[in-house]
Structures are given as C-alpha cells and as structure tokens.
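J.: Take this structure, written in structure tokens, and hold onto it; I'll ask about it next.
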Amino acid sequence: MLVYLAKRLIMMIPLLIGITLISFVVIHLAPGEPTDMQTDLNPKSSVEMRDRLRQQYNLDKPLHVQYGLWLKQIATLDFGESFAQDHRPVLDKISERMPITIFINVLSIVVILAVAVPIGILSAVRRNSMFDRGTTIFVFLGFAMPSFWLALLLMDYFGVRLGLFPVAGLKSIGYDYMSPAQQLWDMARHLIMPVFVSAFGGLAGFSRYMRSNMLEVIRQDYILTARAKGLSERVVIYKHALRNALLPVITILGLSVPGLIGGSVIFETIFAIPGMGKLFYDGVMMRDYPLIMGILVIGAVLTLVGNLLADISYAMADPRIRKG
Amino acid sequence: MRFVLIALLFLLSACEQQQAVVPAEGEAAKPVHGDTFIEASIGEPNNLLPVLSSDSASSDINRLVYNGLIRYDKNLQLEGELAESWEISEDQLTITFHLRKNVTWHDGAPFTSADVLFTYQMYINPDVPTSYAEDFLQVARAEAPDPYTFRVTYKKPYAPALESWGTAIHPKHLLENEVNSKTITKSPLARSPIGTGPYTFFKWDAGEKVELLANPDYFEGQPYIHRVVYRVIPDTSTQFLELQSGGLDFMGLTPIQFKTQTDTPAFAGNFSKYRYLSFSYTYLGYNLTKPLFQDQRVRQAITYAINKQELIDGVLLGLGQAATGPYKPDTWVYNGKVKRYAFDPGKSRALLAEAGWTDSDGDGILDRGGDKLAFTIVTNQGNDLRSKTAEIIQRRLKEVGIVVEIRVVEWATFLKEFIFTGNFDATILGWSGGPEPDQYNIWHSSKTAPRELNFVKFKNQEVDDLLEKGRRTFDRAERKQIYDRFQEILAEEQPYTFLYVGEALPAVAKRFRGIEPSPAGITYNFIKWWVPKSEQKYAR
Chain A
412 MLVYLAKRLI MMIPLLIGIT LISFVVIHLA PGEPTDMQTD LNPKSSVEMR
462 DRLRQQYNLD KPLHVQYGLW LKQIATLDFG ESFAQDHRPV LDKISERMPI
512 TIFINVLSIV VILAVAVPIG ILSAVRRNSM FDRGTTIFVF LGFAMPSFWL
562 ALLLMDYFGV RLGLFPVAGL KSIGYDYMSP AQQLWDMARH LIMPVFVSAF
612 GGLAGFSRYM RSNMLEVIRQ DYILTARAKG LSERVVIYKH ALRNALLPVI
662 TILGLSVPGL IGGSVIFETI FAIPGMGKLF YDGVMMRDYP LIMGILVIGA
712 VLTLVGNLLA DISYAMADPR IRKG
Chain B
12 MRFVLIALLF LLSACEQQQA VVPAEGEAAK PVHGDTFIEA SIGEPNNLLP
62 VLSSDSASSD INRLVYNGLI RYDKNLQLEG ELAESWEISE DQLTITFHLR
112 KNVTWHDGAP FTSADVLFTY QMYINPDVPT SYAEDFLQVA RAEAPDPYTF
162 RVTYKKPYAP ALESWGTAIH PKHLLENEVN SKTITKSPLA RSPIGTGPYT
212 FFKWDAGEKV ELLANPDYFE GQPYIHRVVY RVIPDTSTQF LELQSGGLDF
262 MGLTPIQFKT QTDTPAFAGN FSKYRYLSFS YTYLGYNLTK PLFQDQRVRQ
312 AITYAINKQE LIDGVLLGLG QAATGPYKPD TWVYNGKVKR YAFDPGKSRA
362 LLAEAGWTDS DGDGILDRGG DKLAFTIVTN QGNDLRSKTA EIIQRRLKEV
412 GIVVEIRVVE WATFLKEFIF TGNFDATILG WSGGPEPDQY NIWHSSKTAP
462 RELNFVKFKN QEVDDLLEKG RRTFDRAERK QIYDRFQEIL AEEQPYTFLY
512 VGEALPAVAK RFRGIEPSPA GITYNFIKWW VPKSEQKYAR
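Protein chains in written order, with the working numbering: chain A, 412 to 735; chain B, 12 to 551.
Rendered as structure tokens:
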C-alpha cells in the first residue's frame, strides 16, 4: 500500500509539469496580451508606453524564457503578481475568493446529496412508478433549465415582487451594524436562492446515478438471500442494498474536490457573488497570465489529490479492492 | 487622462428631465446631512491609485476621493478645483496655477504645490506603469516656486493642456518612497486611497463593495450624503432587479429598460429618469487602404444607402440623434452646417454607377469588371447595439446591390487580428470623448502606424494642418473656425459614416434632492445632493 502511494505521488510531478506547460502555451496562443487591454484604443496612450509596459511584464521575452521564469517562481511556491492593474499577489486574490466558493459548493453538494440520494433509492425501489417518473421529470427539468434564467425568474418573483429574499450579493448594506445572530440570518437569506439554483442543476446526475447503482445492487444474489432469510423489506433495502450502492458515490465525491474551487461564471455573475469562476473568467478576458496559471495549478493539484483520495478511501471502504 | 472616462459616463448634456421631482412640503428649502447612496458597477475596481488605473469603476470612485487642479463646471466650462485661478502667458507656453490654501489630505497633511509637482513627475516616470503619460510628455518644464503656486511650461502651445490638469493630484508624502524605490504598484494606497476629495475611503470588501464616507473637512463643505456605496454586480439584469427592489439608488438604463420596462407606476413613484446625449458616437469606418473604399463616391453612396433614423429607432428605440461628425450636436465645437446625407437609395445607386458599379448580369448585385461589390463588416462581441446596427445596414446595402457579410469577434482578437493589422474592410465601432475637441490621435496622418488610432488610415494634408493648428490655439472663436472646417472635410470625404450619438439614461431614487440637470449631466453637483430627514433610508 505504501509503495503504491509513493508511486502515485511521484507520478504526479511530471503530470503536473505537463499540465502547466500545455496550459501556459495554450494561454499564450490566444491573441492579445494584458497590456493591450490597458492601452489599446485609448486615445491618450502611445505605442512607446505599451512597449514600456511589455518590458515591465517580461512579455518581450521569448515564450520558453517566460515559461522558465514562471516555473522557477512557482517552484518556490510564489505565484507571482497579477498583471491586472491592481498588481496584487495572485495568492491573495485567490485566497479571498476561495472561502465563499468552497462554502457555497459544499452547501450545494450537501443539498444535492440530501435530496438526490433518497430520490435515487426510492425511484429504484419503486421502479416505473408514478414517483419514479415524476422525479425523473423534476430532476431533468433542473438539468435542462439554464441556471441564469431560473435565477432571474426567482430574483424577480422572490426578490422584487414578494420582497422575501435579497436579489443578489452576500450581505446587506447594514451588515456591519448587526448582531451575530442577525448577521447569520442575513447571510442565510442571501444564500438561499444561489444554493437552490446551483443544487437544482446538479440533482439529475446524482439521483440517476444513485438509481442505477441501486437497481444493480437489488438484482444481486445476496439481496435475494437476505429476502429469503425473511428479513423485512426495510432492512433489505436500507441495510444490505444501500451500503453497497453508496460505495461508488465515494468516487464521485473524490472527483468533485476540484469542482469545489471551480465555481461558475454565469451563476456568480448573476448573483453578484465574488467567487472563483468570475475571477478566472475575468483573468482570461484580461489575459492576466499569472492569475490564470495560478488557478490552473491549484485546480490541477486538487484534481490529482482528489483522485488519489478517492482511490485510497475506496480501497479502505471495499475489502475486495484492497485485497484484490 | 481621467476626463476621457468621466466624460463617457457623467459629463453629459442637453438634459431633459422626465419627471419633475416634487419636494415634500416644508422640507424643500434646507438640505440636511445623512443617508446612503448606493450604485453598482459591473466590474470590481482595479486600483484606487488613479495613476495606475484605467477602468471606469475605479475612476468613478477616484472622482470622489481625489481632486484635480481644474474641472468642468455644469456648463462644461473649465473652473478651478484645487487651483483657485490660473493664468496663461502671452506666448501661450506657460500656465501658472494659484492653488487653494487650507486644503488637507484625508490624513491631515497639508496640500501644497509639491504634491502637484510630484504628481507630474510620477506620470512621466518610466518606472511607473501608467497609460496616461502622453499629455504630460508635452511639458518642457514644471516648477513649484512657492507652496501655493505651480507653473508649467510647454514645448509648444498645447490647448488640451488645461484639461489635462484635471488629473487627480496624488499625495507626495505617501507615495514618494514607493516611486523612488520603484514599488509604486505595491503602495497600500491602491487599496485604501488618501486624497483631498469630498469623500474619504472607508472600506473595501473584495468582490462585493467599496464604501466611502463624507469628508467633514472638505474645502467646499461636507457633502450632505453621509455614505456612498459601490456594489459590484456584474450582470446588468441583476442590477436592474436590484434597482427595483431598492438595493440600488442609481443606474444607467438601457434604451429598452428606459422605454418599456420602467413605465410602471411603482417605478415612477420611486425613481426619476433623466436623459441626455452622451459624449460618444458610433460609426461605420472604412479601411481606406482597400481599393474599393479609396473611391470617395463609394463611401458617400454607402452613407446615402443607410437610414440613420431607422438605426436610431431600431437600435436605440429613438433615444439618440444622428451623428454628422466626431462631435456631439449640442457642444460649441459642433458644426451643424456640414453636408448631410439624407437616406436616398436612388442617389446611392447613381453614385455607385458613376464609380463604375452596375448590375450588368441582372442578379441584383452590383459588379464591375467581373467583381461583385461585396465587403465584410467586422465588429466586437459583447456589444449588442453594434451587431444590431450591422444587421440593419446589411439589409439596406443589399437593397442597393451591395453584399455585406458580418463578423462578430471577441474584443482582444478583434483588435489584434483585424483592426491593428489592417485586415478588415469596414468596422462598426464607437469613440467616446469629452468637451476638449482635439482629435489629433484619431485623424492625423502620423497616427497610422500599427496599434495607433487612425487605423482606417485617413490621410488629408489640410486635416493634418487643421489638427496641428487646433491643438496650438487657445482662443475658442479661432478654434471653432478650425474645427468647423475639419468637420466639413470629414463630412465631404466620409472616411467614416458617422451613425448616431446615444443618450445616457440614468435613473435616480426619488428621495434624493438637489439634482439639477445641466449640459454636464446630473452628477457634477453630487456633493450638494441631499435627502429630507423623513425620507432617509439608512440610519448609519
């Protein structure tokens, strides 16, 4: 097991370098540079000034030199300074956006699990019933509905017409003057619609996955044995079947680790939530290379770690894999 | 130069108020302090050091935190801000500013001419990554003979110079070390600015909002509105919903919002709408290096074939005016007597025939020597008004037998692959300007190098002379003559088809009093806006 772990860890290093190299080249292939955004079509800006800016950012050097410089920097865990006009360290920019993104994504995964798992189990047990069909329509509605559209409808109805929830943002204007309990309630009110919208779209995947797992498990011989022993249907389903059907969920959870920091541009834009998705999108639009690379590196590391964790925990949970 | 951006958003003119604000009885007379004003921007401000930033969110905030030496008043005349008065020397090379006394920075330090000199030196310092050095590079010598006098001498008379001193003045005592050690980009002032302006910086919640508080020591008196909040709301539909739900007090509306989505009694009860022409215009520019567009008759024919009023009605829902040149119709420099091209497909076809383009094979498309009359209009993605404009023009030109294709391209790619490489036939774009009429960078033949702004490669000796003379002349009457002739030439030659000037359409919550529409728009007197005690919404 330890040898296996060490091998996996060592393999990650060339993989990471490969990912960064490809990302670096692809980003630089896109036309336009960070300096263009500041100087182009600006009647008060001259060509000399643009060259001056390019020099300051090392953009006048050949690509492989730029990559070398970046790699050297990253080896000391220095993500560099953003090319945007705020010139802030990339790590600062990422770390102020990360908590809220992770928070919302964890909340929405919890909601998805809490709703999708029961739906999946029940539709498997009562296959082809009205409940199965009804929930299928419901979850696919969520899957198919554009999130920005749903968000705008909810905002118009609950925010403007009923005035129940705030339309967008994370805190009210008077947040700083509230008591801690009021602050908590204020945050919660702001989060209800965003979490609902992001969870609604994710229901379909999880519940269908759960349903098909469950269907497969129910057909197994040991379920037949359990029933033959005269166990109640409740115990058969929730004790013997469910445990086995939940195993693959570990893999999915492992795979969703990088997604936790991913965020979504559309959704964050609509709800005015300062998350990672918007940060990355703006970075790309500004051709803010250090920021883009920083987010990609963190994403790549998390993906690799997530995979590793999923494999390890799967092995721990399932003796067949551990021993085989 | 800050004014370009401010002009785009706020210095607007020819106001027409939609609904008169009726002051509550008894409260009309006496302005009181208090309440909060909330507006939104689609992007987070980049940097609150004006020398380093060029985005509109940052300039909106910096406008309240910093002062320039001079500014435009409500009638778009220059008036002193940090400067009490100024003199221009006989030879028009030297400007002497007499500064206000008793002005302090937000940290209590006194403001002196050393700060002005420092600001100038910072802008021209090659180690400071600013995009705004151009105006200041024209300066030959700057000096501060005493703490309240600042004198600047130019190499040649330079009329846009005065306007350029509207640039925010930066505090020397807080930035000097950073500039000397080349670490200006790491200055803490970028995130918590200290200026001399009517509002002081209070706090910045990254990605959420920036808050400013009224400066009790402001030299023109403490502003009435206690707090100003800039919320970051990237989506304009969300902004509009926030406005309706009371989460915003101010928003620039789109034509469709102005016309059809705000005519409810609820909206009219809570908001006042204003409209005035903005300092920007949209044009169809021709690449004059292409043989097709080198023929002036072809350019004129295309202008005749385009119905500008139809564009205004269709794209701007009537909220705009036809453009005839690079200046806004209600400014002193605008020449209303230039050649106009009323919509006339017949004349268009006649001109094209004169240029040799006829429909010889009867397929409805004009041709000459076997070539079809066809070209591509390229414009940038993300500007709905421009792509709609392109589609309407496409249909009108088809009627006179010209085939037009439209390409809509992402902004960076658009500039790099099409505009700056000269790899385009025609393009729909816009320029925004301000009260200063100098157009040297856009029309002078020396500005045709790659990445420079005369990318249609317009070259005309007389225009070159006029533009050079225009920026060396201070006398307004003389300048008027120069720029009148400049507009005549542009109207005759049609290097662009000047399409339309749009309108700014702000909506402001009704509880705000003291708004006086003027040629400069509405926000020029923001520090005099106030809310009656009984209507104040935010206690703190």
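No residue lacks a Cβ here, since even glycine has one placed at the ideal position from N, Cα and C.
Note that the structure is predicted; figures quoted are calculated from it, not measured.
Do we get a CB-CB distance below 8 Å when we pair A/D729 with the residues of chain B?
T.: Start at 1 with the first residue of the first sequence, and residue 729 of chain A comes out as number 318. Judged by the 8 Å Cβ criterion, A/D729 is not in contact with chain B.
J.: Could you tell me which chain B residues have their CB closer than 7 Å to the CB of A/L664, listed as they occur along the chain?
T.: For the purposes of this step, residue 664 of chain A is taken as the residue at position 253 of the first sequence. Chain B residues near A/L664: none, gap ~28 Å exceeds 7 Å.
J.: Could you compute how far the alpha carbon of A/G574 sits from the alpha carbon of A/I548?
T.: Counting from one through the first sequence, the residue named residue 574 of chain A turns up at place 163. Counting from one through the first sequence, the residue named residue 548 of chain A turns up at place 137. Answer to the nearest angstrom: the Cα atoms are 30 Å apart.
J.: Could you name the residues of the same chain whose beta carbon sits closer than 6 Å to that of A/I532, not counting the 5 residues immediately before and after it, in chain order?
T.: If you number the first sequence from 1, residue 532 of chain A lands on position 121. Excluding positions up to five away in sequence, the list reads M625.
J.: Hey, is B/I135's beta-carbon within less than 8 Å of any beta-carbon in chain A?
T.: Position 124 of the second sequence, counting from 1, holds the residue named residue 135 of chain B. No - not a single Cβ of chain A is within 8 Å of the one on B/I135.
J.: Which two residues bound the contiguous alpha helix (DSSP H) that contains B/A155?
T.: As a working note, residue 155 of chain B is residue 144 in the second sequence. No alpha helix (DSSP H) contains B/A155, which is instead part of the beta strand (DSSP E) from 150-157.
J.: Identify every run of the beta strand (DSSP E) within the region 476-516 of chain A, keeping only runs that are complete inside it and at least 3 residues long; order them along the chain.
T.: The qualifying runs do not exist here; there are none.
J.: Closer than 7 Å by beta-carbon distance: list the chain B residues that pair up with A/K689, in chain order.
T.: Reading the first sequence from its first residue, position 278 is the one you call residue 689 of chain A. Chain B residues near A/K689: P245.
J.: For A/R499, which residues of its own chain have a beta-carbon under 8 Å away from its beta-carbon, when the five flanking residues on both sides are left out?
T.: As a first step, residue 499 of chain A is located in the first sequence; it is residue number 88 there, counting from the start. These residues qualify, in order along the chain: E492, S493.
J.: Can you pull out the residues from the region 495-511 of chain A whose beta carbon lies closer than 7 Å to at least one beta carbon of chain B?
T.: From the region 495-511 of chain A, only A495, Q496, D497, H498, E507, R508 have a Cβ closer than 7 Å to chain B.
J.: Determine the contact status of B/A423 and A/P659, defining contact as a CB-CB distance below 8 Å.
T.: Looking up residue 423 of chain B in the second sequence gives position 412. Looking up residue 659 of chain A in the first sequence gives position 248. No, they are not a contact pair.
J.: Would you call the CB atoms of B/A518 and B/T273 closer than 8 Å?
T.: Walking along the second sequence from the start, residue 518 of chain B turns up at place 507. Walking along the second sequence from the start, residue 273 of chain B turns up at place 262. Taking 8 Å as the Cβ cut-off, B/A518 and B/T273 qualify as a contacting pair.
J.: On the DSSP bridge assignment, give the partners of B/R242 in chain order.
T.: Position 231 of the second sequence holds residue 242 of chain B. According to DSSP, B/R242 bridges with B/A51, B/K220.
J.: Span of the alpha helix (DSSP H) holding B/T335?
T.: In the second sequence, counting from the first residue as 1, residue 335 of chain B sits at position 324. Per DSSP, B/T335 belongs to no alpha helix (DSSP H) and is neither H nor E.
J.: Between the alpha carbons of B/T484 and A/R461, how many angstroms are there, rounded?
T.: Mapped onto the second sequence, residue 484 of chain B falls at position 473. Mapped onto the first sequence, residue 461 of chain A falls at position 50. The straight-line gap from Cα to Cα measures roughly 29 Å.
J.: Please name the residue in B/R407, B/T400, B/S142, B/G347 whose C-alpha comes closest to that of B/T438.
T.: Within the second sequence, the letter at position 427 stands for residue 438 of chain B. The option with the nearest alpha carbon to B/T438 is B/T400.
J.: Short of 6 Å in beta carbon distance, which residues of its chain neighbour B/V127, apart from the five on each side in sequence? Order them along the chain.
T.: Looking up residue 127 of chain B in the second sequence gives position 116. Closer than 6 Å at Cβ, skipping near neighbours: F161, I180.
J.: For B/G263, does the three-state DSSP call read helix, strand or coil?
T.: In the second sequence, counting from the first residue as 1, residue 263 of chain B sits at position 252. B/G263 falls in the strand class under three-state DSSP.
J.: Taking 8 Å as the CB-CB cut-off, is A/D597 touching chain B?
T.: As a position in the first sequence, residue 597 of chain A is number 186, starting the count at 1. Chain B contact via Cβ: absent.
J.: Sorted by chain position, which residues of the same chain lie with C-beta nearer than 7 Å to B/I376's C-beta, five sequence neighbours on each side aside?
T.: If you number the second sequence from 1, residue 376 of chain B lands on position 365. Excluding residues within five positions, the ones whose Cβ falls inside 7 Å are D370, K383, L384, G412, V414.
J.: State buried or exposed for B/I538, treating a residue as buried only when at least 16 other CB atoms are found within 10 Å of its CB.
T.: Within the second sequence, the letter at position 527 stands for residue 538 of chain B. B/I538 is buried by the Cβ-count criterion.
J.: Would you mind listing the beta strand (DSSP E) stretches within the region 584-619 of chain A that are 3+ residues and don't spill past its ends, in chain order?
T.: Fully enclosed beta strand (DSSP E) runs of 3 or longer: not present.
J.: Below 8 Å, can you find three or more Cβ-Cβ pairs linking the region 211-225 of chain B to the region 472-484 of chain B?
T.: Result no; under three Cβ-Cβ pairs closer than 8 Å.
J.: Measure the beta-carbon distance from A/P701 to A/V522 and round it to whole angstroms, keeping in mind my assumption that it falls under 8 Å.
T.: Within the first sequence, numbered from 1, the residue matching residue 701 of chain A stands at position 290. Within the first sequence, numbered from 1, the residue matching residue 522 of chain A stands at position 111. About 35 Å separates the two Cβ atoms, so there is no contact after all.
J.: May I ask you to list, following chain order, the residues of the region 255-289 of chain B that have a beta carbon less than 8 Å from some beta carbon of chain A?
T.: Cβ contacts with chain A come from Q255, S256, G258.
J.: Take every Cβ of the region 45-58 of chain B, pair it with every Cβ of the region 141-152 of chain B, and state whether three or more of those distances are shorter than 8 Å.
T.: No, because fewer than three Cβ pairs between the region 45-58 of chain B and the region 141-152 of chain B fall closer than 8 Å, the two stretches do not touch.
J.: Quick check on A/I414: does DSSP put it in helix, strand or coil?
T.: Within the first sequence, numbered from 1, the residue matching residue 414 of chain A stands at position 3. According to the sequence shown, residue 414 of chain A is Val rather than Ile. Note: A/V414 maps to helix in three-state DSSP.
J.: In whole angstroms, what is the alpha-carbon distance linking A/I530 and B/T271?
T.: Taking the first sequence and counting its residues from 1, one reaches residue 530 of chain A at position 119. Taking the second sequence and counting its residues from 1, one reaches residue 271 of chain B at position 260. Cα-Cα distance, rounded: 43 Å.
J.: Once you ignore the five residues that flank B/Y235 on each side, which residues in its own chain have a CB closer than 6 Å to its CB?
T.: Translated into the one-based positions of the second sequence, residue 235 of chain B becomes position 224. These residues qualify, in order along the chain: P42, H44, W541.
J.: What separation, rounded to the nearest whole angstrom, lies between the Cα atoms of A/L707 and B/L259?
T.: Along the first sequence, read from residue 1 onward, the residue named residue 707 of chain A stands at position 296. Along the second sequence, read from residue 1 onward, the residue named residue 259 of chain B stands at position 248. If you take the alpha carbons of A/L707 and B/L259, they lie about 35 Å apart.
J.: Kindly give me the distance between the Cβ atoms of B/W97 and B/I205, rounded to whole angstroms, as I take these residues to be in contact under 8 Å.
T.: Translated into the one-based positions of the second sequence, residue 97 of chain B becomes position 86. Translated into the one-based positions of the second sequence, residue 205 of chain B becomes position 194. Rounded, the Cβ-Cβ distance is 25 Å, inconsistent with contact.
J.: Quick check on this structure: which residue in A/F691, A/E627, A/A652, A/Y725 has the alpha carbon closest to the alpha carbon of A/M509?
T.: Translated into positions along the first sequence, residue 509 of chain A becomes position 98. It is A/F691.
J.: Under 8 Å, Cβ to Cβ, is there at least one residue of chain B near A/P685?
T.: The residue labelled residue 685 of chain A in the question sits at position 274 within the first sequence. For A/P685, the answer is yes, since a Cβ of chain B falls inside 8 Å of its Cβ.
J.: In chain B, which residues lie with their C-beta within 7 Å of the C-beta of A/L581?
T.: On the first sequence, residue 581 of chain A is found 170 positions in, with the first residue counted as 1. Chain B residues near A/L581: E219.
J.: Can a CB atom of chain A be found closer than 8 Å to the CB of B/T335?
T.: For the purposes of this step, residue 335 of chain B is identified with residue 324 of the second sequence, where counting begins at 1. No, B/T335 lies away from the interface with chain A (no Cβ there is under 8 Å from its Cβ).
J.: Would you kindly work out how many angstroms separate the C-alpha atoms of A/Y478 and A/L464, rounded to a whole number?
T.: As a working mapping, residue 478 of chain A is identified with position 67 in the first sequence. As a working mapping, residue 464 of chain A is identified with position 53 in the first sequence. Their backbone Cα atoms lie some 19 Å apart in a straight line.
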